[in-house]
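Asker: So the number in the working numbering is just where the residue sits in the first sequence, counting from 1, plus 1.
Built from N, CA and C at the ideal position, the CB exists for glycine as well.
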Amino acid sequence: SVTFNTLLKALCKEGDMEGARAFFEEMHGEGIAPDSFTYNILIDGYMKAGEVDHAKSFYTEMRERGLKPDRFVYNILVAGHCKFGREEDGDQLLREVLTMDLLPNHPALDLMIARFCWAGHLDDAVGLLWHMLDKDGIPPSVFAFNSIVAGFSKARMVDDAFDAYRVMLKFGLTPSASTCGSLLMGLCKKGKLQEARELMDKMIEKGFCIGAEAFTILIDGYFRKGDETFALTLWHEMEQKGISPDVVAFSALINGLCKVGYMDKAQEAFVNMSRRGLVPNNFTYNSLIGGFCKNGNMTEALRLESEMRKKGLVPDIFTTNIIIHGFCKLQRMMMANSIYMHMYSSGLVPDIVTYNTLISAYCKAFDMVNAVDFVNKMSADGCEPD
RNA sequence: UUCACCGAUUUUCCA
């Protein structure tokens, strides 16, 4: 039966559910009894093909045969439900899962909570969490809480995220770096910088995992809020704590400095990071190029772009859009246009941002002929005016 | 047989 399962899996992987089904029937004919593995494979195959009803009917058949559903099948069903599911299916599934009587820290439950969160079914996730909390004794894992905190933060429901965080602490669990990061991110996105800052201090006090990642979130947040002074204060604080900034941290710093026009500081940071052996990537270069474009220094912007190539980096659609925008702002439409035309030969396809930039620049120059011309060109690149 | 998330870069003076 192992052999049959392997073959069945191969058929499912190819998406040949017809074949898989026929093969399954044949298996029957040969008198080989399908086991739970067999059903899991079939159900997974149907779920991946988006045929939820077929998947469910095999699930029912499996139970009718007295085969006990295991944690794998629930993971498959939950994953499928999150992708294609309808409300009723979810409720029913949840009830079935709850009657399984798994231990609260069972990995299957963790994963289910996580999946519900990723699919935006936060209510289902919390329902499951409460169920786990009811069965006193063993607390759910950091992983489960982590998903819920991240889910709520992403949905901009920071208060709920905080509740979950507090419950987590009550259980004596140590939030992971990403739990901390999600919460801080949620606060920053809502503009609650002060709260984020205080929270981070508490996290550091408690010895939680606060590194360059968490600092980057706050530094970036303060730059966005327009408080570059405090952003820089945090940068120094980070270094004093012996946390060494990585490429992402440096890129965020450079980006923030460029946005407020502190080009010499940005360049200084750029030199500094190389000195520490960090290799600037597209994000770093794009930020810097954007800064020069903002200042109208297109010579330097273009020089950096060729420096990228020399270092083996490939300027991307962001780089190009930034430069095009730079020329557009100066109303140097010949240059903007020529860069646009060069995109194709370097394997780049202009996107909606490219077109919006060019069209709005031509409109500002009262050149409606060219503006309309670009609107017409959009569809050839698979763009629709938005 | 199911295995994720997680910080940095581009257009829209207005919204």
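In this structure, does DSSP put glutamate 52 in helix, strand or coil?
Answerer: As a position in the first sequence, residue 52 is number 51, starting the count at 1. Of the three classes helix, strand and coil, the one that applies to glutamate 52 here is coil, per DSSP.
Asker: Does the beta-carbon distance from alanine 302 to glycine 327 come in below 8 Å?
Answerer: As a first step, residue 302 must be located in the first sequence, where it is residue number 301. As a first step, residue 327 must be located in the first sequence, where it is residue number 326. Yes; because the gap between Cβ atoms is below 8 Å, this pair is in contact.
Asker: Once the 5 residues before and after isoleucine 205 are set aside, which same chain residues still bring their CB inside 6 Å of it?
Answerer: Taking the first residue of the first sequence as 1, we reach residue 205 at position 204. Taken in chain order, the residues that qualify are Ile211.
Asker: Which of helix, strand or coil does DSSP assign to serine 347?
Answerer: Counting from one through the first sequence, the residue named residue 347 turns up at place 346. Of the three classes helix, strand and coil, the one that applies to serine 347 here is coil, per DSSP.
Asker: Would isoleucine 44 and phenylalanine 5 qualify as a contact pair, given that the criterion is a beta-carbon distance under 8 Å?
Answerer: For the purposes of this step, residue 44 is taken as the residue at position 43 of the first sequence. For the purposes of this step, residue 5 is taken as the residue at position 4 of the first sequence. No. Outside cutoff.
Asker: Secondary structure at tyrosine 60, three-state DSSP: helix, strand or coil?
Answerer: Taking the first residue of the first sequence as 1, we reach residue 60 at position 59. Helix, per DSSP.
Asker: Check whether the Cβ atoms of threonine 320 and isoleucine 360 sit closer than 8 Å, and answer yes or no.
Answerer: Working through the first sequence from its first residue, we reach residue 320 at position 319. Working through the first sequence from its first residue, we reach residue 360 at position 359. For threonine 320 and isoleucine 360, no; Cβs fall outside 8 Å.
Asker: Ignoring anything shorter than 4 residues or poking outside the region 212-293, list the alpha helix (DSSP H) runs there in chain order.
Answerer: Whole alpha helix (DSSP H) segments, 4+ residues: 213-226, 229-241, 248-260, 264-276.
Asker: Hey, could you find the ends of the alpha helix (DSSP H) valine 150 is sitting in?
Answerer: On the first sequence, position 149 is the one that residue 150 refers to. Here the alpha helix (DSSP H) through valine 150 covers 143-155.
Asker: Where are the alpha helix (DSSP H) runs, 4 residues long or more, that stay fully inside the region 153-203, in chain order?
Answerer: Whole alpha helix (DSSP H) segments, 4+ residues: 159-171, 178-190.
Asker: Please go through the same chain and pick out, in chain order, the residues whose beta-carbon is closer than 7 Å to the beta-carbon of valine 150, but skip the five residues on each side of it.
Answerer: Counted from its first residue, the first sequence places residue 150 at position 149. Counting only Cβ-Cβ distances below 7 Å, and skipping sequence neighbours, we find Ala162, Ala165, Tyr166, Thr180, Ser183, Leu184.
Asker: What would DSSP say about aspartate 317, mapped onto helix, strand or coil?
Answerer: Walking along the first sequence from the start, residue 317 turns up at place 316. Reduced to three states, the DSSP call for aspartate 317 is coil.
Asker: Could you tell me the alpha carbon to alpha carbon distance between leucine 170 and lysine 190, rounded to whole angstroms?
Answerer: Along the first sequence, read from residue 1 onward, the residue named residue 170 stands at position 169. Along the first sequence, read from residue 1 onward, the residue named residue 190 stands at position 189. So the alpha carbons of these two residues sit roughly 23 Å apart.
Asker: Indicate the three-state DSSP secondary structure (helix, strand or coil) for cysteine 118 in the structure shown.
Answerer: Taking the first sequence and counting its residues from 1, one reaches residue 118 at position 117. Note: cysteine 118 maps to helix in three-state DSSP.
Asker: Less than 8 Å separating the beta-carbons of glutamate 62 and methionine 18?
Answerer: In the first sequence, counting from the first residue as 1, residue 62 sits at position 61. In the first sequence, counting from the first residue as 1, residue 18 sits at position 17. No, they are not a contact pair.
Asker: Roughly how many whole angstroms lie between the Cα atoms of glycine 30 and alanine 23?
Answerer: On the first sequence, residue 30 is found 29 positions in, with the first residue counted as 1. On the first sequence, residue 23 is found 22 positions in, with the first residue counted as 1. Distance between the alpha carbons of glycine 30 and alanine 23 is about 11 Å.
Asker: In three-state terms, what does DSSP make of arginine 66?
Answerer: In the first sequence, counting from the first residue as 1, residue 66 sits at position 65. Coil, per DSSP.
Asker: Determine the direct distance from the alpha carbon of tyrosine 47 to that of alanine 56, and round the result to whole angstroms.
Answerer: One-based indexing of the first sequence puts residue 56 at position 55. One-based indexing of the first sequence puts residue 47 at position 46. Near 5 Å, if we compare the C-alpha coordinates of tyrosine 47 and alanine 56.
Asker: So, with DSSP's three-state summary, where would you put asparagine 296?
Answerer: Counting from one through the first sequence, the residue named residue 296 turns up at place 295. Coil, per DSSP.
Asker: Looking only at its chain, what residues have a beta carbon closer than 8 Å to the beta carbon of aspartate 352, apart from the 5 residues adjacent to it on each side?
Answerer: Position 351 of the first sequence holds residue 352. These residues qualify, in order along the chain: Ile318, Asn322, Asp382, Cys384.
Asker: Let me know the secondary structure DSSP gives glycine 327 once reduced to three states.
Answerer: Here the question's residue 327 lines up with position 326 in the first sequence. Of the three classes helix, strand and coil, the one that applies to glycine 327 here is helix, per DSSP.
Asker: Quick one: what's got a C-beta closer than 8 Å to lysine 203's C-beta in the same chain, skipping five residues either side?
Answerer: Residue 203 sits at position 202 when you count from the first residue of the first sequence. Answer for lysine 203: no residue qualifies.
Asker: Using C-beta distances below 6 Å, list every residue in its chain close to phenylalanine 224, excluding the 5 sequence neighbours before and after it, in chain order.
Answerer: In the first sequence, the residue the question calls residue 224 occupies position 223. So the list reads Ala232, Gly257, once near-sequence residues are dropped.
Asker: For phenylalanine 271 and proline 281, which I take to be in contact (beta-carbon distance under 8 Å), what is that distance rounded to the nearest angstrom?
Answerer: By 1-based counting over the first sequence, the position of residue 271 is 270. By 1-based counting over the first sequence, the position of residue 281 is 280. So it is a contact: roughly 7 Å between Cβ atoms.
Asker: If you follow the alpha helix (DSSP H) that lysine 10 is in, where does it begin and where does it stop?
Answerer: Reading the first sequence from its first residue, position 9 is the one you call residue 10. Run containing lysine 10: 3-14, per the alpha helix (DSSP H) assignment.
Asker: Within 10 Å of its beta-carbon, does valine 127 have 16 or more other beta-carbons around it, so buried, or fewer, so exposed?
Answerer: Taking the first residue of the first sequence as 1, we reach residue 127 at position 126. So valine 127 ends up on the buried side.
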